[in-house]
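K.L.:
Numbering (full-length UniProt numbering), first residue to last: 1 to 126.
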């Protein structure tokens, strides 16, 4: 189970998540895949599309809300345990992981994550 993998998790129903951080004692930091908003998100947030290329049977998004004064944004960030992970669906390419990292930074939800051997191998020139 690694950063960037897509897994099915049993919440109130079976839903896909993308692992944003590797296995730690407290679990995996993950984001739930949701349906696209279907409205203009300009100024409110950003959506990163995921779908069949990542192993999902449908098109969905990872949605990141921008911070705004006097509001609490809805977030689909969660922590899951190894036991919550039901079935691996696929993995995101490094280009998609870059989009997610950019969206996390823009939404003020970025946490420092130690580089792994896989991350180092994906950097240009390595």
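In this text, a Cβ means the ideal position worked out from N, Cα and C, and glycines have one as well.
Tell me the start and end of each unbroken beta strand (DSSP E) in the region 70-103 that is at least 3 residues and wholly inside, in chain order.
P.N.:
77-80, 85-91
K.L.:
With DSSP collapsed to three states, give me the class of residue 24.
P.N.:
strand
K.L.:
Output yes or no for whether 8 Å exceeds the beta carbon distance between residue 4 and residue 92.
P.N.:
yes
K.L.:
From residue 29 to residue 39, what distance separates their C-alpha atoms?
P.N.:
Straight-line Cα distance between these residues: approximately 27 Å.
K.L.:
Are residue 90 and residue 47 closer than 8 Å when you measure CB to CB?
P.N.:
no
K.L.:
For residue 63, count the other beta carbons within 10 Å of its own beta carbon; 16 or more makes it buried, fewer makes it exposed. Which is it?
P.N.:
buried
K.L.:
Which of the three DSSP states is assigned to residue 47 in this structure?
P.N.:
strand
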